[in-house]
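Count along the first sequence from 1, then add 118; that gives the number in our numbering.
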Amino acid sequence: MERYNFKLTEENWQKFWEQKKTFTTKIEKNKKKFFCLEMFPYPSGKIHMGHVRNYTIGDVLARYKSLEGYNVLHPMGWDSFGMPAENAARQNNLNPREWTESNISNMKMQLKKLGLSIDWDREISTCSSDYYKHQQEFFLELYDKGLVYRKEEYVNWDPVDQTVLANEQVIDGKGWRSGAIVERRKLNQWFFNITKFSGELLAGLNDLNEWPNKVKIMQKNWIGKSFGCEVKFAIENSKNIKSISCFTTRPDTLFGMSFLAVSVDHPLSKFYENDKKFKEFKKQCSATGTTEESIANAEKIGFKTDLLGINPLDNKLKVPVYFANFVLMDYGLGAVFGCPAHDQRDLDFALKYKLNVMPVVSPKLEPGDFKIDNKAYTGPGYICNSSFLNGLKSPSESILKTIEYLEKQKLGVRKINFRLKDWGVSRQRYWGCPIPILYDEDGNAHKVPKEMLPVQLPNLSKLDPTGNPLDKEIEWKKVKLGGKNYLRETDTLDTFVDSSWYFLRFCSPQKKNYGFDYEEVKYWMPVDQYIGGVEHAILHLLYSRFFMQAISYKNDQMDLKEPFKGLFTQGMVCHETYKDTKNNWISPEEIEVVKGKKVLKKNNSIEVKVGPIESMSKSKKNTIDPEKIINNYGADAVRLFILSDSPPEKDVQWSEEGIISSSKFIQKLWTLNLRITQAIDKNYKKNSGKDLIKFTHKFLKKITVNLNNFSYNVIIANIHEMHSFFSKEIDNEYTAETLKENYIKILISLMPIIPHFSCECLNLLNIKKNIKWPKYDESLLEEDFVNIVIQINGKKRGLLKTKKDVLEKEIIDNINKDNNIMKYLNRSDIKKKIYIPNKLINIII
RNA sequence: GCCCUCGUGGUGAAAUUGGUAGACACAAAGGACUUAAAAUCCUUGCCGCUUGCGGAGUGCCAGUUCGAGUCUGGCCGAGGGCACCA
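See below:
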């Protein structure tokens, strides 16, 4: 039998799509639009299996929506600024732009081999000045709106990458990319005022009902809203300072206060700058690392001042004021009041410095002899030992009542506090978007005039191993404007800025005088389905949401607040790991299976240790090169396999056996196709094909439902069922028209999954135009016969095939003829019968 | 410590949302075809007696129900996020 030539077929169709511009899109106002977007890749050189999975999932959806009649926007671009280009440049003395561009052209070729339905006319690249010019405009626009500012701030400094990192980029106290332990440095930085929208970004999550809950919860926690009260504590014994304000969520525990504690960076500290002991203490605090363990294990230490803080609820109650290492300057007001009885951290501190521990919340209304030992009580209860607050239900009544009192007495105000901090966007790197700012001779910042945009990156022939390259470009830095001398800002923007608006650019990628066209954006936005890895749950997704807020802010032409209507986070691609006897990682390519054992290829007597299945990574050498796989098995086989084993949101395990079986299955489908076309050619008139029609419609329903649920793995199972149905039934001499009509519907329904194969088969049947998603007919799905489960006491004892909608009596009559079931029924009387028509009968004896 | 998610065969998983548990696939074992191998196809899959039948069975323990993988409560385990957040 003729074999399916995937290579030729796939090449032909890819050429056809390219020449016919099949996937080129433009606004069509009479059509419903669908913006399908996958997170664009960083051009590292080669695509990896993660890309294959991500873009296959997106392509299935894009092709399906397009068949359904939507006007689908499915673009692709390159997140092409960033560290790897710069590192390659520094290490191998390459030009970052050339390096990046050659990577892009290679990856583009690889992506095309996957047969993706992408509108390549909309391709964008963030390192192109056509792109970053508009980013600089946005920067200045945000500056004008007061959403960008510059300040000296303690920042996360990555000593390896030699750059500042955003809080979101510090993971367990280490740089997200370099893994180096992050240091604290005070630097002048540009910030985006993301906290201005804390409330909006939090509230907006409620409307994102097509987002995974997990991601929404992560963002919610990251924004970290807490409700409480700002309380002012008068200070005694001080010429310098009259009061200290604290934010608290538990003002109702004020009577249990036994100390005030402030951060070493608190304004109060400037009065102790010359105090030797304080300086020593400050040093001790910063010596504590920023890693997870060191923080968790860090002892709570304090520096006692001579100040006394006065309890606002009773001015006879006075407590010492400490500097303490556990108080953070950048949360709340950098000061806390300590209530040891009901906060473990405060209790640890109080026990160390022998401070008062008095419970003010008791689990029972009558506190009796309720005492705190070395575990703080944080549960609910009733207020006690608190004068006029006594007896209030805590925390449900007590917090609000206390705030009301404090507000009335002008001792405090209710306040909502957020954990979210402003987004520091300055990076001391070369390969990024220059910040369009000039400094005059006094060091004041000025916007680069609009007509001077873009601020082009200078083309550097050589990058020094360390430091900020732009800072060393003396000539580039100097600018003369209106007879005055200026120096350019030499920091570049965090590359997360680049990806915060690229979805807008995709709507009108060629627009010259602005980043996007409002008409186009109004038609295409929001992104209907965004697909990517969950690792961007906070960083990229939160920044993009902020950017949309910022662009819509003070803007009559735009009121879109959420860029991504639907979000899907796909799982990772995993592979077994292998090690040799010396514990070196071995790649799957070096391995051979001999007698069921995995051994080294070069010397097949040495068995390798098979390690756990882990996500593909270069360091573990368990990656598989997609291009090789596509060349060996074809794009359709790769698509089929990457979708088949696990649901798309979960991790999938790549295996040689799996891809082989997928490619064999394509062959089987081809063989089936030949048998079906032959049967059509024979032009039978015999079999009306009632069961064939029923099967087809049931199949179409399954595919449609599963496509809408992202149950792509089940679709592959459905296709296997389809194959086995036709393999068995094809000799039934179905009437040719019926067979053809139904088979065409099935082929169309396969187009999103295995487009080359389906297009080829359809083409051979002369179906070339007006291909639409086949609708299933619900009325054809009805079965004439049903299997009724016969249960006795809830246990399945038999199956009965009957006509649909038979009466209970008929079932019982049938049961009475069944010896196997009667042997149970004869044992005792029937107490009860539950009959669910067309499903089951349960007889209780 | 806090928050979230998930526990189904040797493996990846399915289950119309409370109604036949294990669809579909991978791996394994046995068989058919073949001189042989590959390829292809078929069968098996936990326990008990011979087919057939019966029993147990969706992490564990309870509960609701005629009926629970699915709902409720408790426990155990795995993964992920946050973390001195006041």
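For every residue, glycine included, the Cβ atom is placed at its ideal position computed from N, Cα and C.
query	result
Cβ-Cβ distance between residue 152 and residue 182 below 7 Å	no
Residue of 647, 711, 961 minimising C-alpha distance to residue 775	711
For residue 275, the three-state DSSP class (helix, strand or coil)	strand
Closest by C-alpha distance to residue 745, when choosing among 449, 231, 695	231
Assigned exposure category for residue 410 - 16 Cβ within 10 Å defines buried	With a pLDDT of 46 at residue 410, under the threshold of 50, the modelled position of this residue cannot be trusted, and the question is left open.
Coarse secondary structure for residue 927, derived from DSSP in three states	helix
When 897, 870, 861 are compared against residue 882, the one with the closest alpha-carbon	861
Start and end residues, beta strand (DSSP E) containing residue 687	685 to 688
The region 359 to 374 touching the region 419 to 433, judged by at least three CB pairs closer than 8 Å	yes
Terminal residues of the alpha helix (DSSP H) in which residue 879 lies	873 to 882
Through-space distance from residue 383 to residue 471, alpha-carbon basis	21 Å
Collapsed DSSP secondary structure at residue 623 in the structure displayed	helix
Neighbourhood of residue 831 by C-beta, 8 Å cutoff - its chain only, sequence neighbours within 5 removed	761, 762, 763, 764, 765, 766
Endpoints, the alpha helix (DSSP H) within which residue 478 is located	Here residue 478 belongs to no alpha helix (DSSP H), and DSSP marks it neither H nor E.
The beta strand (DSSP E) enclosing residue 352, as first and last residue numbers	343 to 354
Status (buried if at least 16 other CB within 10 Å, exposed otherwise) for residue 292	buried
DSSP beta-bridge partners of residue 716	711
Residue 160 - DSSP class collapsed to helix/strand/coil	coil
Three CB pairs or more closer than 8 Å across the region 799 to 818 and the region 745 to 759	no
DSSP bridge partner residues for residue 610 (one or two, in chain order)	545, 552
Where the alpha helix (DSSP H) containing residue 262 begins and where it ends	247 to 262
Residue 166 vs residue 235 beta-carbon contact at 7 Å	no
Beta-ladder partner(s) of residue 154, from DSSP	647
Delimiting residues of the beta strand (DSSP E) encompassing residue 596	596 to 599
Selection from 154, 951, 733, 500 that minimises the alpha carbon distance to residue 484	500
Beta-carbon proximity check, residue 437 vs residue 377, cutoff 7 Å	yes
Cα-Cα separation between residue 503 and residue 461, rounded to whole angstroms	17 Å
Among 369, 444, 367, the one whose alpha carbon lies nearest that of residue 400	444
Burial state of residue 677 (16 or more Cβ within 10 Å)	exposed
Boundaries (first-last residue) of the beta strand (DSSP E) holding residue 730	727 to 733
Option nearest residue 585 by Cα separation, candidates 277, 251, 911	277
Under the three-state DSSP convention, the category residue 320 falls into	helix
Reference residue 310; option with closest CA among 637, 666, 921, 933	666
7 Å Cβ cutoff met for residue 218 and residue 245	yes
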